[in-house]
Structures are given as C-alpha cells and as structure tokens.
Amino acid sequence: MRSYKVNMKKEIKFIPLDYDYFDYNSKNYLKIFGRDEDGKQVCLIDDFEPYFWVILNKDIDEERLEKIKKEIEKLEVNSDTRTTKVEKTSIENKEFLSKPVKAIKIFVTNYKDAHGIADQIDFPEVIARREYDIPLITKYIIDNNMQPLVWKKIAGEILNNSEEFGNIDSSLQVDYVLKAQKIISLDKTKSDSEFKPRIVAYDIETDDFEIGKGEILMISLYGEGIKKVLTSKKCSHKIDYIEYYKDETEMLEAFVKHIKKIKPDILVGYFSDGFDMPYIRARAEKHKVDLDLGLDGSKPFFSRGKLTSASIAGIVHVDLYRFIETVFSQYMQSETLGLDEVAKELIGEGKKNIEWKKPSKLSDDEWKNFFEYNLQDSLITYKLAEKLWPDMLEFSRIIQEPLFDITRQGMSQLVENYILHNLKKFNEIAEKRPLHDEIESRRELGKYEGAYVFQPIPGLYEDIVFFDFTSMYSSVIVTYNLSKSTLLEKKEKDSLEVNLEKEGKVHFTKEPGFFPEMLGNIIEMRKKYKSEYKKKEDNLAKARSNAYKLLANAAYGYQGFFGARYYCRQAAASTATLAKKAILETIEKIKKLDLEVIYSDTDSIAFLRKEKTKKQIEDILEKLNKGMQGIMELELEDFYKRGIWVTKRSSESGAKKKYALIDEKNRMKIRGFETVRRDWCDLARELQSQILELILKEGNEKKALELVKRTIKDLKERKIEREKIMIRTQLKKPLSEYKAITPHVIAAQKMKEKNLPVHIGMLIKYFISETREKKELVREKVKLEDEKGEYNIEYYLNNQLLPAVENILQVFSINIEETISGSKQKTLF
DNA sequence: GGATAGCTGTTACC
DNA sequence: ACCGGTAACAGCTATCC
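All letters in the first sequence, in the order written, are residues 33 to 861 by our numbering.
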C-alpha cells in the first residue's frame with residue numbers, strides 16, 4: 033500500500049522572480065521561484081501545455097482540414113527517455129503576418145519534441161509551422177499570464193512530502209512549495225511599490241587574472257544588514273566584518289553557507305558572468321567544494337554562447353555590467369564601463385584606491401587595505417543595483433521576460449521579446465527565428481542607403497537654432513506603416529510606394545500592421561510616462577519612460593537586423609529613405625523662410641536665427657508641424673549663442689559630425705571633435721576643449737592662440753606629465769587576429785610579455801617615446817606607462833596637439849604651423 | 001624609392 | 001551574431017610611376 037498525504041489548500045499573493053522547468057512523466061512543468069506577501073520564499077509548480085501551430089491557407093475546405101487534423105493526431109516521436117504524442121488539436125482562425133489564416137493548434141506531450149513533430153507535418157496545404165522555437169519559459173509566461181515581478185493571486189495546494197513530482201518539495205530549499213491550481217491577475221498598480229527584493233552584492237579578489245589559475249584571496253558580500261569579507265589570508269587586524277578561514281576551501285564553504293542563510297532574491301556582481309562566478313566555480317571544483325547555491329540544490333549553470341551567463345536556480349544572478357552595457361552605456365559620459373567610472377557617474381562613489389602588489393609582498397596593513405578595497409567593490413555594486421533596480425524592474429515588466437534574461441539581452445532581443453509577448457492582442461502567430469542559411473543570405477545583401485548628413489561650410493556662426501524630429505525613425509515606421517507584414521508583393525490601390533536604391537520600387541499597404549501599431553503604442557507610452565515623471569518626481573515612471581524610449585529607438589534597427597524574426601530589409605531601407613525625404617523637405621521649407629540652414633544630420637536641422645525672435649522661431653516650428661505627415665513631429669532642441677564647424681583634415685571641405693556649440697548659459701556641446709574621442713591623449717583633448725571654449729565664449733581667437741603657444745612651449749620643455757600623454761585604445765579582438773599591427777597592438781603584446789592581463793574589450797594604455805635610432809613607424813616607439821623613456825616631442829606636436837587645434841584656428845585664417853615656425857625664426861634672429 | 005590610394009581599425013554621430 | 005547607416009581619421013601596407 034502506498035501512503036499518501038492530503039495536500040493543504042492555500043491561496044497566496046505571489047511575485048514571480050525566477051523561472052525554471054522540469055520534466056515529470058514525460059510532461060513539462062514549471063518551477064517558479066518568488067515570494068509571497070509575507071516575504072516567504074515560495075516555489076510554485078505549474079503545469080504547461082506545450083503546443084505549436086500549423087498554418088494553412090484560409091480558403092482550405094473543411095473536409096480536407098479535418099483530414100489533415102486527423103493525420104496530425106496520429107504523430108508521435110520516440111526517444112530513449114520518453115514518447116511524445118500529439119495530445120490534442122484544435123482549429124482556429126488566426127493571423128499570420130497580419131493576414132487571416134486557418135491554423136491547427138497542436139498540443140504535444142513534451143515541448144522538447146515539438147520541433148520533431150512539426151518536422152513530420154508536410155501536407156501541400158501547409159503554409160508554415162510555427163512557434164516550436166519560442167523558449168519554453170517565454171511561451172509559458174505568454175499563455176499563463178505569469179509575468180515576472182507582477183503580483184499574482186494563486187490558489188493551489190502546498191506540497192508536503194508529496195508523492196507528486198517524485199517528492200520534489202523536499203529537495204527545494206524554500207519556505208513552501210505550492211502547486212498552482214488557479215492564477216488570478218491582480219490590479220497591479222496597488223502593490224507595485226511594495227516589493228523590495230533582497231539584494232546581495234559580491235566580489236572576489238584573486239592573485240591571478242586568468243580564471244581558476246590563481247587562488248581566491250577573499251570574497252566580499254554586501255547587502256542590507258550584510259557586510260562581510262571572507263578570507264583565507266592572515267592579518268592581525270580584528271575587524272568585525274572580516275571572517276578569517278583556514279584555507280580557500282573553508283572560505284568557499286562559508287560563502288555557500290552565507291548565501292544560503294541570507295536567501296537573497298538577487299545576487300549581483302560586476303562582470304561576474306565573466307569573472308567572479310566562473311572563478312568561484314573553478315576553485316570550488318579544484319577543492320571539491322559543493323557549490324550547491326541553487327534552491328533546488330544545483331550548482332551555478334553556465335550557458336554556452338559568445339558570452340557565458342551564470343545562473344543559479346531560484347536566485348537571480350545579475351551581472352550589472354551587462355545590463356549597463358546594453359541599456360545605459362549610450363547615455364553615459366564614462367569612457368569605459370569599468371566599475372569605478374560607472375559607479376562614480378551613477379552613484380557618485382567609486383572604488384577604493386590601492387596599489388596592486390603581489391599578495392606575498394603585502395604587509396599586515398596592506399592586507400587590511402585590500403579587505404577594505406574588496407568590501408568597497410561589493411558596496412558600490414550594491415548601491416548601483418539599488419539605483420538601477422527601477423530600470424531592471426520596469427524592463428522586466430514591460431518586456432515580460434525574467435530579470436535574469438532582460439539584464440543580459442541585447443536591444444534586438446529585447447525588442448523581439450516585447451513583440452512575442454504582445455502578439456496575443458493581434459491574434460498573431462509568431463514568425464520563426466531565421467536559420468543559419470537565411471541569416472547568411474540576409475547578410476550578403478549588404479548595406480542599404482541610410483541617413484542624410486548636410487555638408488557644412490566651415491566657420492564660426494552666431495545665434496543658431498537646432499530643431500530635431502522626435503523619435504524620427506520610429507515615427508516614420510508608424511506613419512508609413514513599414515514592416516514585414518505590411519510589405520506588399522506588388523503595387524496595390526492606395527498602397528505606398530518607396531523607391532529604393534538597390535531593390536527598386538517597394539510597396540506597403542495602408543492596412544495597419546501589428547509591428548507599426550505596437551511601435552505606435554510604445555511611443556505613446558513613452559510620452560505618457562515622460563509627462564508623468566515630469567509632473568512629479570517618480571523613479572518608476574522615469575524608468576518606465578526610459579525603457580519605452582529605448583525600445584522605440586531600437587525598433588528601426590531591429591527590422592534591419594539579419595537575426596530578427598521580423599527582419600525586413602525593405603522596411604528598414606524605406607524607413608531611412610522616407611526619413612531622408614522628410615528632413616530634406618523640412619530643410620527646403622526653412623530655407624524658403626529666408627533662414628540659412630547650416631547643418632543637418634539624420635533627424636536634426638541647424639539654422640541661423642538672424643533677426644528673428646525666439647517667439648517667431650517657435651511659430652515657425654508650429655507651422656512646420658502642422659504640415660507634417662502622421663505622427664511625425666519636429667521639436668525645438670535649443671538655441672545656441674555660437675557654434676563652430678571646421679574643415680576635414682584632408683581637404684578644404686567642411687567636416688561632418690564634428691562641431692561645437694555654446695548655449696546661452698555658456699554650456700558647451702561638443703560633437704565629434706578629438707575632445708570627445710577617448711583614443712586621443714588628454715593633452716590634446718584638454719587643449720582643444722579649452723580653445724573651443726575660449727573661442728565660443730567670446731567669439732575671438734586671440735586668447736586661444738596664446739594658449740596653444742604656451743602649451744607647445746611646455747611640451748617642448750618637457751613639462752607635460754606622463755598621464756597627459758597616455759593614449760588609450762581598445763583591444764577589440766584577440767591579438768592574433770589583427771591584420772594591421774598598430775601601436776595599440778604592439779602595446780598589448782608588450783603587456784602580455786610582462787604577464788599583465790590582456791583581454792578583449794580592454795583599454796590599452798601607451799605613449800610614444802623618443803628613440804635612439806630614427807624609426808619610421810609609430811609602433812616602433814610605443815612604450816607602456818611604467819616604462820622608462822621621454823615622450824616624443826615631434827610626435828605629440830605633429831600627431832596630437834597640432835591636429836587637434838589647426839582646423840579650429842584655420843577658421844580664423846590662422847595657420848598654426850606657420851605661426852609656430854615663424855615665432856621660432858623670430859627667436860632665432 | 002617615395003608618394004599615395006586603399007585598407008584595417010577605432011571611435012564618434014544620430 | 002546578438003540593433004542600423006554615415007563619417008572622420010590614424011596608421012599601416014600594397015601599389016604605382
């Protein structure tokens with residue numbers, strides 16, 4: 033006789049955090065980790081009914097349809113572990129690429145075999161088989177409305193030593209396991225602010241940068257009420273947060289023990305997918321420490337791919353670096369995305385400064401410093417996580433994908449997931465992911481014609497107005513209905529015709545397509561939340577607005593991206609073409625008002641205000657907007673007191689994407705100049721920005737010229753400090769793959785020889801030195817920061833300082849080289 | 001054998 | 001491979017006359 037227990041019924045409020053799935057009796061089940069309203073850790077078990085679609089022509093006759101359905105119901109796939117059958121089918125009227133279709137919904141035993149079943153379906157009436165390639169968790173969230181980080185009411189029964197699922201509850205380290213029976217969505221607005229995740233930040237220090245090669249010297253943890261440094265090293269200082277362990281093994285065991293005790297919702301690191309977690313795994317393996325951090329007793333899981341991601345069952349491991357890289361980097365001032373710079377910019381606090389030494393050479397006090405340094409890294413990582421929490425939360429809610437995924441996905445994946453989760457509203461069946469060959473042929477098509485850039489005339493200008501189109505490309509997509517599903521095979525009545533360079537004339541229907549409609553909605557949501565947080569300070573509204581803004585901005589790139597499900601080159605190319613047309617027409621209209629247009633790039637137009645008042649300019653803007661198509665809108669970016677455009681280095685013509693402005697509050701806006709390029713030395717960058725400021729503030733070049741002369745004098749007298757002449761260039765690929773051996777490649781090679789860490793993405797720092805023999809190539813004069821040697825005066829004069837200033841002074845007809853050599857001659861005489 | 005066009009590579013703009 | 005095209009420019013390198 034089997035003993036069996038009656039499970040207790042319970043109704044809870046639940047917030048899903050982390051999703052996982054498992055098989056039981058050949059079927060798929062979800063394990064969803066989260067918290068209840070009392071803050072208890074819960075694992076929810078839910079079943080999942082996997083299915084995919086077979087799409088048929090909508091005109092197929094009923095009899096034939098029934099026959100196909102019956103045939104499909106006979107299919108099965110056998111493997112060593114299970115048999116997957118077609119469980120049931122249903123015939124539905126759906127949309128595919130915005131066109132009505134007949135579809136058979138095919139439920140299968142196990143989702144992993146959906147593709148295998150789909151492959152067997154091969155009737156001539158079948159147009160397509162779809163949705164077997166959508167990740168299981170994504171599909172589950174869509175079908176069961178179990179959106180991450182949104183409170184749900186769940187009725188279910190508590191599993192207690194249950195026979196069900198092979199006693200799964202006893203292996204899960206949560207407060208209780210609930211088998212879901214009914215899921216009810218709540219009015220989420222009420223409880224939104226209530227959930228505060230338990231966040232713990234961690235960081236390790238090692239004695240070798242190569243993963244697993246060295247020893248982990250210490251691990252720090254920081255969170256609310258948590259402040260720890262675990263170490264196997266010795267130091268006489270007794271500090272409350274330092275825990276000393278006998279060796280690395282015990283330290284790692286203590287790390288696991290602490291995490292289990294803290295029970296964090298989120299474990300956050302900085303570059304921890306690529307460093308901390310793999311290192312911990314490697315050392316734990318070496319010492320045979322059981323790294324069972326997962327709430328199901330599992331070890332961290334490392335996904336394969338270009339970038340590995342480290343996941344822990346039931347705990348959301350967030351590598352903040354990755355989230356910042358995709359979501360924030362474009363709006364940040366930092367030149368690198370290192371923890372120090374990023375933290376300084378976002379939370380106003382950076383890393384602790386210490387001098388790096390071999391651990392064997394550290395004194396007692398230096399060890400203490402090292403522990404503090406390690407703790408500080410966790411502390412600022414924690415603060416960053418707190419600061420970015422609203423953004424992570426909103427991204428996860430809007431995209432409707434788990435936190436783990438949205439913090440690691442690129443913009444195209446985020447857009448795609450947003451689409452997948454919103455297709456339901458359109459009754460749409462999802463398009464498939466392109467296969468390898470398809471991607472290849474898409475890529476082979478090469479580029480299409482893009483944005484318009486106005487050819488500027490070099491000079492100093494006064495009273496400049498900048499107009500720009502709000503979310504221009506998105507507005508174009510929405511206005512003209514440009515997408516894969518609205519592209520027509522041939523011209524139709526009332527359709528839009530766009531003439532493209534390569535593909536000739538293409539046509540789009542006026543019948544609304546889901547992609548432009550979705551995008552229109554994104555733009556509206558962006559507007560809504562922007563005005564909401566402008567009215568009153570609200571971090572969540574701001575984060576929400578920002579998330580929608582990023583989605584809107586990425587939508588155009590998505591349609592042009594070869595890896596996209598809804599890739600449509602014609603739509604992307606047409607977007608660029610129509611945007612170009614709109615900006616050119618607007619330029620013409622402004623010119624007709626007797627205003628002088630001096631610059632334009634993609635979605636912005638700069639012109640001279642002349643005698644017109646600001647009010648008159650605003651009236652002009654209003655008038656221009658009245659004549660605008662669809663949701664296209666031009667806005668006033670700003671008024672500028674002065675601006676300068678320079679020539680290209682190689683010719684007399686004006687350089688595009690390179691100008692500097694000053695507004696009425698003396699705020700500078702510098703674009704494209706060496707000042708904003710991190711691969712130029714600080715000496716040149718600082719001099720350039722100073723002379724731009726002197727010129728723009730007063731509209732006169734005399735002081736600027738004096739400053740240039742003084743700086744050159746200092747350079748020649750070797751008064752420039754080393755830091756100012758360092759050149760930083762990023763290593764973008766493995767050293768061996770470089771065809772062109774440039775200075776930074778040489779510098780990286782030198783670093784490697786010195787056993788310094790060299791990895792992709794790193795900024796290589798070097799300077800150009802004097803050499804004994806005459807050397808032609810710059811790379812032959814490369815030296816690392818700590819190498820002995822004088823800087824090369826000729827190089828820094830001719831390749832850094834002069835190039836940075838000559839085009840600017842040229843605007844005032846000053847030839848700096850002649851001026852310098854002239855003054856030299858004067859001193860000679 | 002010196003000039004230079006063209007390529008590789010990085011970083012910017014939008 | 002992990003969103004698009006446009007553009008400037010440095011430094012190296014193949015090619016030309």
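No residue lacks a Cβ here, since even glycine has one placed at the ideal position from N, Cα and C.
Keep in mind that this is a model prediction, so the values were computed, not measured.
By alpha-carbon positions, which one of 604, 503, 735 ends up nearest to residue 559? 503
Status (buried if at least 16 other CB within 10 Å, exposed otherwise) for residue 315: buried
Is the beta carbon of residue 748 less than 8 Å from the beta carbon of residue 825? yes
Is it the case that the Cβ atoms of residue 142 and residue 114 are separated by a distance below 8 Å? yes
Starting from residue 829, trace the beta strand (DSSP E) in both directions and tell me its first and last residue. Per DSSP, residue 829 belongs to no beta strand (DSSP E) and is neither H nor E.
Should residue 466 and residue 515 be called a contact, given that it needs their Cβ atoms to be closer than 8 Å? no
Apart from the five residues on each side of it in sequence, which residues of its chain come closer than 8 Å, Cβ to Cβ, to residue 636? 498, 499, 500, 501, 669
Whole angstroms are fine: how far does the CA of residue 250 sit from the CA of residue 481? 54 Å
Within 10 Å of its beta-carbon, does residue 35 have 16 or more other beta-carbons around it, so buried, or fewer, so exposed? Only weak support is given to the placement of residue 35: the predicted model assigns it a pLDDT of 46, under 50, and the question is left unresolved by the model.
Buried or exposed: where does residue 468 fall if 16 or more other Cβ atoms within 10 Å of its Cβ makes it buried? exposed
So if DSSP puts residue 636 in a beta bridge, which residue, or which two residues, is it bridged to? 500, 633
So who's on the other strand from residue 121, going by DSSP bridges? 138
Do residue 536 and residue 513 count as a contact pair if the criterion is CB distance below 8 Å? no
Check this for me: beta carbons of residue 424 and residue 355, under 8 Å apart or not? yes
Where does residue 607 land, buried or exposed, given buried means 16+ other C-beta within 10 angstroms? buried
Pairing CB atoms from the segment 756-771 with CB atoms from the segment 707-725, are three or more of them under 8 Å? yes
Quick check on residue 360: does DSSP put it in helix, strand or coil? helix
So, helix, strand or coil for residue 467, using DSSP? coil
When the Cα atoms are used, what is the spatial distance from residue 81 to residue 60? 8 Å
Is residue 684 helix, strand or coil by DSSP? coil
DSSP three-state label for residue 161, please. strand
Between which two residues does the alpha helix (DSSP H) containing residue 310 stretch? 308-318
Touch check for the segment 168-176 and the segment 295-311: three-plus C-beta pairs under 8 Å? no
DSSP has residue 48 in a bridge; who is on the other side? 66
Expected contact under 8 Å - CB spacing of residue 196 and residue 213 to nearest Å: Actually they are not in contact, since the Cβ atoms of residue 196 and residue 213 sit about 13 Å apart, beyond 8 Å.
Buried versus exposed call for residue 433 [16 or more other C-beta atoms within 10 Å across all chains shown]: buried
Does the beta-carbon of residue 702, which I'm using as the reference point, lie nearer than 7 Å to any heavy atom of the ligand ADP? Among the components modelled here there is no ligand, and therefore nothing to report on the ligand ADP.
Host beta strand (DSSP E) of residue 85 (start-end): 83-88
Give the straight-line distance between the Cα atoms of residue 822 and residue 782, rounded to the nearest whole angstrom. 18 Å
Return the CA-CA distance between residue 471 and residue 278, expressed in angstroms with no decimal places. 54 Å
Whole-number beta carbon distance between residue 136 and residue 101, since they are thought to touch under 8 Å: 6 Å
Taking a contact to mean a Cβ-Cβ separation below 8 Å, would you say residue 56 touches residue 62 in this structure? no
Considering only C-alpha positions, which residue in the set 418, 784, 763 is nearest to residue 793? 763
CA-CA distance, residue 339 and residue 51? 21 Å
May I ask which residues mark the beginning and end of the beta strand (DSSP E) holding residue 531? 528-532
Is the beta carbon of residue 403 closer than 8 Å to that of residue 261? yes
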